[in-house]
Amino acid sequence: MRKSLLTICIAVCSVFMISLAASAKTLVLEGNLDGAIAMRQSMEFSVNKGTVSSFSFKFALPATFATKTVSQRVDGLDIGLSPEPTSSTVETDRFGNKFQRVSWNNVTQDIRVNLNYTANVHTQLTDMASKTAFPLGSLASKESLYLQHTDMVQGNSEIKSLARQLTSGTKNEYEAVSAIINWVTDNIKYTFNPPQYDAAYTLSTKSGNCQNFAHLSIALLRSAGIPARIVGGITLKEAWKVPIDAKNSIVQSMGQGGHAWLEVYFPDLGWLPYDPQQSRQFTSSRHIKQTHGLDSRDINDTWKGGPYLPAYNELIEGRYTSDDIKLKMKRYASAPRPYILSNAVTAGSGSVAETPDSGRITPPPLKPARPEPKTDVASNNPPPQGTGAGPAETRFVSDEDSSDEDQPKPTKPVKPVKPKQPPKVEPKPPKTEPKPPKIIVTKPPKVEPKQPVIVEPAHKKPRPGTVLAFGNMDFPALVNLYNVKGDTGTRVFERETSEYVTSKHIFAQAIQVKDRMSLEKISLAMRKFGGDGSVYIDLVKDKGGKPDIMQGTRSNLLDLEKIPRKPGYYWVDFSFPPDGNKPQQLAPGKYWIVFRASGEAIMNWFFTPGKPYGEGDDTRSTAKGFQWEDILNYDFVFKVNGKAI
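Note that UniProt numbering numbers the sequence shown so that position 202 is 202, with each residue one more than the last.
This is the structure in structure tokens:
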């Protein structure tokens, strides 16, 4: 791979090596996040097929609440309704949530609902202590309600078995909760527009969106006897930083739109929020809570109408009138795989609790659940256009390679080694006359079942000439905001997740090349919003966990006018000039895709929340030359194409 001649002057900075472990981290923080956000929610129903004789809309109102770590106060709530409704009432459900129910008759124009309010969110991260043992004792009826399983939060044998395995050996509730949440974080891949949202589907497919993450976490917790409930609300796109030293930070970004997380009950701490994709015991000032319940059916907005159901659209805007973040990292723990944030918790014996290692248990393979029929989506949006490939998957595309020979061969089991017996130690006679021994009756030791271990199949080297396509390749052309079944529509907790990559920052995504290959092109899931100029990428080697811009190659320039401007996200292809009379060649190893732009280009690069492809620090950005000081909490969507050599 040749060195490209970069036309810019580069100041060579000393490489800073972050002292954190390269695999996984829970960052234990102290400090506070305070935000005052001017919120605007605009919801619209398009009446474009004639008169709608009857229409009703039930939507959630933002909540005022307080927990031990997070409090929220809503001021100045103003609701605008157009046209004038036939009726409008505020209802409080059995969980204490407030919904507004509005009805119209004989509607001939678009229906608009606008909510304006100020959300004041305060998050305080200090040391906490919990002495709740595990398993939990008896609970009040108000909390035991949240032990019930539902059609969305099942308690089948697979879920109960996994809950037992994950909590085996935990001494207190905090350890049990951490083991469950960390397992979900490490083993479930975020996907958009899933056909189902329930816990059983999530466990069988190991995939889903934020509702799936929440439902599976809650199902496992309830199966372990721990009360848990789903939370519905909004996340905002403003990124925020967690400093890990004087120069480097972990950047948190969730995307803007509907979002679901959960709350877990501790008898001595009350309800605490958990977001499997970001934080433990708290949520940030980018989360605005609306509702909570047993499952998502208790918290979703719904509407009903006839003779047809108008198409739904929404716009969520949040403007921070104040945004004060003061955080300090105290230490870190070794799980889960992505960066996760927590405050310090002293549990059980009084010592500072460590986060249980989510990797210590691998559940047995489960039979896939038969998927239910996918609900109709009343939208003009095209279906998802993802490639269908899994994360970090290499697909071999060859006319002659379709037999069973290409399937990975199972690894031979390793014979267990019998441990050596310890040497016998002869007891010395006592100096004094021994007293008659006291007979103590003890229960036989509890024998824990051996944890199942799944051996990963060995990587199979492709034959020369095999076409390769690998990367983090799943993304939707458009994100579905709602589902329709019959005459009823239901809002989905979903949001667009993309980064504005033509800003003052430079963004980079790490990739792993497993086999020597010739490079054809690299494709990024992007959307053009406008502007002019050119875009291109640098493919560079890795140096100490960061891009080494002195060793790499540059793609051909791509004029912005050649990129279509259309709704949704799509592949944008970047080709590379030949190295002499041969295509660019890549040896096995780690490389970085560095996105660059010239002129006034305005483009977004789609990302997947969490780390479905890379390690915790394999997505970075920089605003200070080439220090790559910011670690991002997601993986960009990309695809590498070439041939094995």
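C-beta atoms are modelled at their ideal positions from N, C-alpha and C, and glycine is treated no differently.
None of these values were measured; they are calculated from a predicted model.
If I follow the unbroken beta strand (DSSP E) through residue i, where does it start and stop?
i: L632; result: 630-632
i: R164; result: Counting along the chain, R164 falls outside any beta strand (DSSP E), though it belongs to the alpha helix (DSSP H) covering 157-167.
i: Y332; result: 311-333
i: Q41; result: 25-46
i: T619; result: 619-622
i: L539; result: 533-543
i: A508; result: 506-513
i: A644; result: 638-644
i: N525; result: One point to set straight first is that residue 525 is Ala, not Asn, in the sequence displayed. Here the beta strand (DSSP E) through A525 covers 517-530.
i: R554; result: 546-554
i: D75; result: 70-82
i: Y569; result: That residue, Y569, is in no beta strand (DSSP E); it is neither H nor E in DSSP.
When the distance is taken between beta carbons, is residue j closer than 8 Å to residue i?
i: L27; j: V242; result: yes
i: A525; j: W592; result: no
i: W605; j: S518; result: no
i: G545; j: K25; result: no
i: T609; j: N193; result: A small correction: the amino acid at residue 609 is Pro; Thr does not occupy that position in the sequence shown. No. Outside cutoff.
i: Y265; j: P227; result: yes
i: K590; j: D542; result: yes
i: L309; j: V484; result: yes
i: S305; j: F607; result: The identity of residue 305 in the sequence shown is Gly, whereas the question assumes Ser. Taking 8 Å as the Cβ cut-off, G305 and F607 do not qualify as a contacting pair.
i: S207; j: K189; result: yes
Taking the alpha-carbon of residue i as reference, which of the options has the nearest alpha-carbon?
i: V90; options: S103, Q109, P83; result: S103
i: K521; options: F574, K247, K328, D295; result: F574
i: K160; options: S223, A140, W183, M39; result: S223
i: L125; options: F282, S54, F55, L136; result: F282
i: Y274; options: Y536, I218, S253, L327; result: I218
i: V74; options: A119, Q512, T51, F57; result: A119
i: L539; options: T466, I511, H459, L29; result: I511
i: G270; options: A129, R319, G169; result: A129
i: D618; options: A597, R527, F626, P338; result: P338
i: M329; options: S284, P464, D298, I250; result: I250
Taking only the alpha-carbon atoms, compute the straight-line gap between residue i and residue j and give it to the nearest angstrom.
i: A214; j: R286; result: 18 Å
i: S351; j: R280; result: Unreliable placement is indicated for S351, whose pLDDT of 49 sits below 50; the coordinate value is still reported in the next sentence. Distance between the alpha carbons of S351 and R280: 18 Å.
i: T394; j: S621; result: A caution first: T394 carries a pLDDT of 35, below 50, which makes its placement in the model unreliable, though a value can still be read off. If I take the Cα positions, the gap works out to 26 Å.
i: T490; j: D301; result: 6 Å
i: W628; j: W261; result: 31 Å
i: P588; j: D548; result: 16 Å
i: D245; j: S322; result: 25 Å
i: N105; j: K49; result: 15 Å
i: residue 721; j: M43; result: No information on residue 721 is available, as it lies outside the stretch 1 to 645 that the chain covers here.
i: I230; j: D515; result: 44 Å
i: S157; j: V640; result: 40 Å
i: L558; j: L61; result: 46 Å
i: P413; j: V184; result: The predicted model places P413 with a pLDDT of 42, which falls under 50 and marks its position as unreliable; any figure quoted below should be read in that light. If you take the alpha carbons of P413 and V184, they lie about 27 Å apart.
i: F470; j: A623; result: 29 Å
i: V637; j: F576; result: 19 Å
i: D532; j: V479; result: 27 Å
i: V501; j: Y146; result: 42 Å
i: E238; j: G255; result: 8 Å
i: F95; j: H292; result: 7 Å
i: A644; j: Q584; result: 12 Å
i: Q72; j: H122; result: 6 Å
i: A36; j: G552; result: 44 Å
i: G386; j: I563; result: Unreliable placement is indicated for G386, whose pLDDT of 35 sits below 50; no coordinate value is reported for it.
i: A63; j: Q211; result: 19 Å
i: Y569; j: L81; result: 32 Å
i: E171; j: A133; result: Residue identity differs from the one stated: residue 171 is Lys in this sequence, not Glu. Distance between the alpha carbons of K171 and A133 is about 6 Å.
Kindly give me the distance between the Cβ atoms of residue i and residue j, rounded to whole angstroms, as I take these residues to be in contact under 8 Å.
i: Y482; j: Y312; result: 5 Å
i: D324; j: V153; result: No, D324 and V153 are not in contact; Cβ-Cβ is about 36 Å, not under 8 Å.
i: L166; j: L220; result: 7 Å
i: A347; j: Y174; result: 4 Å
i: F65; j: K289; result: 6 Å
i: N633; j: Q196; result: N633 to Q196, Cβ: 26 Å. No contact.
i: A38; j: R495; result: Not really, about 19 Å apart at Cβ, beyond 8 Å.
i: N603; j: V535; result: Checking the sequence shown, residue 603 turns out to be Met, not Asn. M603 to V535, Cβ: 7 Å. Contact.
i: Q41; j: I316; result: 6 Å
i: K326; j: G31; result: 5 Å
i: L272; j: T67; result: 6 Å
Taking the alpha helix (DSSP H) that residue i belongs to, which residues open and close that run?
i: Q211; result: 210-223
i: E143; result: 141-144
i: N187; result: 173-187
i: I136; result: The identity of residue 136 in the sequence shown is Leu, whereas the question assumes Ile. Careful: L136 lies outside any alpha helix (DSSP H) and carries neither H nor E.
i: Y265; result: Per DSSP, Y265 belongs to no alpha helix (DSSP H); it is in the beta strand (DSSP E), 256-266.
i: T202; result: 199-205
Using a Cβ-Cβ cut-off of 8 Å, state whether residue i counts as contacting chain D.
i: Y174; result: Absent from the structure is chain D; it holds one protein chain and no more.
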